[in-house]
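Residue numbering for the sequence shown follows this note's numbering, beginning at 5 and increasing consecutively.
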Amino acid sequence: MSTSSDEYLKLLSRVEDVLAKGELKERITIPELRAFRIGMRTVIRNLGEIAKTLNRDPKHLALFFAKSLATSFAMREGALILKGVFQRSQLNGILQRYVESYVRCPVCKRLDTHIVKEEGFYFLLCDVCGAKSSVRKL
Ligand SMILES: [Zn+2]
């Protein structure tokens, strides 16, 4: 008798976990990219905030921008400073590509994921459905 109620409680807590994660998912909305130009440089003011929301290392995201635009970069107080003048639409497109390549679970399409390194390879692990998929090294 106690066994079955234990089982029931275990099942209940698993359901609660799933529900909690579902709620968490709803809160992940990518902040709007705030970019402006200073002379021949383009600044993404809230890069740190975007990386934090996506649960990624800001340096990883910064490097993705720099590589996509074939330019050099610096980071200052959560802002990304790119050498060169770039359009906001171009930057948004790169952010979208980053999300599709390094954040979104290819199985359940949620954004609650993290990246792990195993034996020199990088994998995207989904916190919602548990899927594991390989990702390219930057
Ligand atoms: Zn998933």
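Note that the Cβ used here is the ideal one computed from N, Cα and C, for glycine as well.
Please report the straight-line C-alpha distance between residue 73 and residue 67, rounded to a whole angstrom. 10 Å
Taking just the CA atoms, how far does residue 128 sit from residue 137? 5 Å
Got a sec? Which residues, its chain only, sit under 6 Å from residue 132 by beta carbon, not counting five neighbours each side? 25, 112, 114 and 116
What beta strand (DSSP E) runs, 3 residues minimum, are completely inside the stretch 33-105? 39-42, 45-48, 77-80 and 83-87
In the DSSP assignment, find the beta strand (DSSP E) that holds residue 122 and state where it starts and stops. 117-122
Between which two residues does the beta strand (DSSP E) carrying residue 139 extend? 136-139
Residue 132: CB within 6 Å of a non-hydrogen atom of ligand 1: yes
For the beta strand (DSSP E) containing residue 142, list its first residue and its last residue. Where residue 142 is concerned, there is no enclosing beta strand (DSSP E), given that its DSSP letter is neither H nor E.
Beta-carbon separation (whole angstroms), residue 44 vs residue 103, contact threshold 8 Å: 28 Å between Cβ atoms; not a contact.
Mind checking whether the beta-carbon of residue 114 lies closer than 6 Å to any heavy atom of ligand 1? yes
Indicate, with yes or no, if ligand 1 has a heavy atom lying under 6 Å from the CB of residue 139. no
With burial defined as no fewer than 16 other Cβ atoms inside 10 Å of the residue's Cβ, what is the status of residue 33: buried or exposed? exposed
Whole angstroms is fine: what's the gap from residue 140's alpha carbon to residue 14's? 37 Å
Buried or exposed: which applies to residue 40, given that a residue is buried once 16 or more other Cβ atoms fall within 10 Å of its Cβ? exposed
So, helix, strand or coil for residue 12, using DSSP? helix
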